[in-house]
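Numbering (UniProt numbering), first residue to last: 1 to 181.
Cβ atoms here follow ideal geometry from the backbone N, Cα and C, with glycine treated the same way.
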């Protein structure tokens, strides 16, 4: 006889209020035909989430900045941490979309400056822009939104079917994903 299946201990049932803080990065890059380059100038993350069935999520989009993560410096990381702290006061969970090159560093600044998170905070992004065939953006955002229901308060990176606790995460440039540092 098998044991009855129960929900995880931290499962948040019913409506969930989620702040989505958009900072730019590869996930949000769009092609500018006039310059023949990819840039952060559209809110692609909103398009991704609007395309999902999220009946019981109350989403608030916060367009904080549209920067490549290589252009995010100390001042911008502090802005991200402040935005997460403020959003955590009014929402059940926070999703931060961020470029992959410096995502772990922004997560570490968040942990160092705000102390213990009072809600689950997940960073995610993509190795391939949403606007390009073969993107991992939809997978990563979908998994991050689900993880916000399942994880206890804390800071995490959700990427390629993995949840990694911050701090202590690094980008693996060989496999193009994230791993424990």
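Residue from the options with nearest C-alpha to residue i
i           : options          : result
residue 106 : 143, 89, 67, 147 : 67
residue 98  : 91, 121, 88, 33  : 121
residue 117 : 158, 30, 152     : 152
residue 146 : 95, 77, 30       : 95
Chain-order list of residues whose beta-carbon lies under 6 Å from that of residue i (same chain, five-residue window excluded)
i           : result
residue 113 : 81
residue 72  : 102
Inter-residue spacing [alpha-carbon to alpha-carbon] between residue i and residue j
i           : j           : result
residue 60  : residue 168 : 28 Å
residue 128 : residue 57  : 26 Å
residue 75  : residue 65  : 12 Å
residue 144 : residue 123 : 8 Å
residue 12  : residue 54  : 14 Å
residue 162 : residue 35  : 36 Å
Close Cβ partners of residue i (< 7 Å) along its chain, the five nearest in sequence each way excluded
i           : result
residue 62  : 19, 20, 21, 22, 83, 87
residue 181 : 168, 169, 170
residue 155 : 107, 110, 111, 117, 121, 166
Own chain, CB closer than 8 Å to residue i, minus 5 neighbours either side, in chain order
i           : result
residue 160 : 136, 139, 140, 177, 178
Residue i beta carbon near the ligand SAM (any heavy atom closer than 6 Å)
i           : result
residue 121 : The ligand SAM is not among the ligands present in this structure, which contains no ligands whatsoever.
Bridge partner(s) assigned by DSSP for residue i
i          : result
residue 31 : 38
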